[in-house]
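Start counting the sequence shown at 180; every next residue gets the next number (the working numbering). Ideal Cβ placement from N, Cα and C applies to all residues, glycine included. Single-structure report; data block below.
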Amino acid sequence: MSTTPTSVTILIVDDDPNDRLLIQHAWRKARLHNPIDFVEDGDLVLDYLRGEGRFAEDPPTLPGLILLDLNMPRMDGHEVLAEIRDDPALKHIPVVVLTSSSAAQDIMESYGLGGNSYITKPVGFLDLVKVIQNLGDYWFELVTLPPHELT
């Protein structure tokens with residue numbers, strides 16, 4: 180099975196229901212047709228990726244790209260990123276940090292832990308649509324992602 184831009188599942192990890200809804204609407208407005216899955220916190224993202232917990236009965240296909248918020252309850256984004264990069268079965272999945280923080284410490288730590296990109300969430304909806312369009316152009320048109328069969 181070959182990977183096409185629209186066959187790549189995107190996993191969005193964000194605890195804020197309003198942000199999840201805005202991202203979903205921006206994704207549609209940007210005319211990206213990828214399947215999107217959402218999880219609300221760091222513990223759930225690891226369960227999702229490992230097919231454990233509530234995902235054990237019907238494990239999802241691994242995503243081709245993860246959009247990861249940093250500020251979450253129970254396990255923050257930096258902890259999640261460290262877990263992903265330490266897991267041989269997951270470390271190849273590109274992770275884009277998409278967060279409200281523009282703090283230099285968060286940026287440095289995210290890249291230090293192996294994040295592939297760092298994007299500060301824009302405040303306005305139209306700006307978010309532009310970010311999503313650019314993200315789609317870059318990750319699904321310009322770069323070569325790991326083969327879908329591996330994810």
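query	result
In the DSSP assignment, the alpha helix (DSSP H) including Tyr290 goes from what residue to what residue?	283-291
Count the other CB atoms within 10 Å of the CB of Leu277; is the residue buried (16 or more) or exposed (fewer)?	buried
CA-CA distance, Ile218 and Asp237?	Sequence check: residue 218 is Val here, not Ile. Going by the C-alpha atoms only, they are around 15 Å apart.
Three-state secondary structure (DSSP) at Val276?	strand
Leaving out the 5 sequence neighbours to the left and right, which residues in its chain are closer than 6 Å to Ser289 when beta-carbon positions are compared?	Val276, Tyr297
Can you give me the Cβ contacts of Gly256 inside the same chain, cut-off strictly under 8 Å, excluding the 5 residues immediately before and after it?	Val192, Gly221, Leu247, Asp248, Leu249, Asn250, Val276, Thr278, Ser289
Tyr227 to Gly291, Cα distance in whole Å?	24 Å
Alpha helix (DSSP H) containing Val259: first to last residue?	256-265
On the CB-based measure, 16 or more other CB atoms within 10 Å of its CB, does Pro242 come out buried or exposed?	buried
DSSP on Leu307, reduced to helix/strand/coil?	helix
Is Glu262 closer than 7 Å to Leu225 when the C-beta atoms are compared?	yes
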